[in-house]
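These notes concern the structure reproduced below.
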Amino acid sequence: MYKHPLLDRDQISPQQALEILIEGNQRFVSNQTSKKDFQSLIEITKDKQHPFTSFLSCSDSRAPVEMLFDQALGDVFSVRLAGNIASDKGIGSLEFASKYLGSKLIVVLGHTSCGAVKATCDNFREGHIGEIINHIRPAVRKEKTELGTRDSSNEAFVAKVCELNVKVQIKQILHR
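Its first residue numbered 27, the sequence shown is counted upward by one per residue in our numbering.
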């Protein structure tokens, strides 16, 4: 049975929060996720939230952080934006979770084959997607090792830009 760490949250260090996430991801990868009593969790969290971790992650339907890290209601404050971009609204949300909800750790989580990164690699500009692309473009510019095709048809290029994008977004959070 899943043990909700709500009662111990004020004592959790950032390192302990990271360890909880690593253990949860190991359970997910091995298909051994915890059984959760959602009715009890709803009761515990109905009046307030007190997440121990905040995530800035992609809105991709294949990357729900609560599942990937085997967490439950109230565990994670999740900010999901295409391309895991550190926009002003995203950073403000993370700030709220840290300052007012007691989140101990901020994780910026990217993923492979990110559609927003691919769109940036292809210089896609249609509609409001350009606003997302503008946040990811610095990662494309930083990638200097792929000398061949520099668009979404090059999987190695996209993978490197996905990784660099996480670093770019972390830097944005730290410097804004």
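C-beta: ideal position from N, C-alpha, C; glycine also.
Helix, strand or coil at residue i [DSSP, three-state]
{"i": "Leu131", "result": "strand"}
{"i": "Leu94", "result": "helix"}
{"i": "Met27", "result": "Unreliable placement is indicated for Met27, whose pLDDT of 44 sits below 50; the coordinate value is still reported in the next sentence. Correct three-state label for Met27: coil."}
{"i": "Leu107", "result": "coil"}
{"i": "Leu173", "result": "coil"}
{"i": "Asn203", "result": "Past the edges of the chain, shown from 27 to 202, lies residue 203, and the structure says nothing about it."}
{"i": "Ser119", "result": "helix"}
{"i": "Gln58", "result": "coil"}
{"i": "Gly153", "result": "coil"}
{"i": "Ser113", "result": "coil"}
{"i": "Asp36", "result": "helix"}
{"i": "Arg163", "result": "helix"}
{"i": "Ser87", "result": "coil"}
{"i": "Lys74", "result": "coil"}
{"i": "Ala43", "result": "helix"}
{"i": "Ser178", "result": "coil"}
Enclosing alpha helix (DSSP H) for residue i [first to last residue]
{"i": "Thr71", "result": "64-71"}
{"i": "Leu200", "result": "181-201"}
{"i": "Gly141", "result": "141-147"}
Residues that residue i bridges to, as DSSP identifies them
{"i": "Val102", "result": "Thr79"}
Decide if the region 38-49 is in contact with the region 69-85; the criterion is three or more beta carbon pairs, one per stretch, under 8 Å apart. yes
Is the region 83-92 close to the region 51-65, with three or more CB pairs under 8 Å? no
Is it true that the region 182-189 meets the region 162-171, where meeting means three or more beta-carbon pairs spaced less than 8 Å apart? yes
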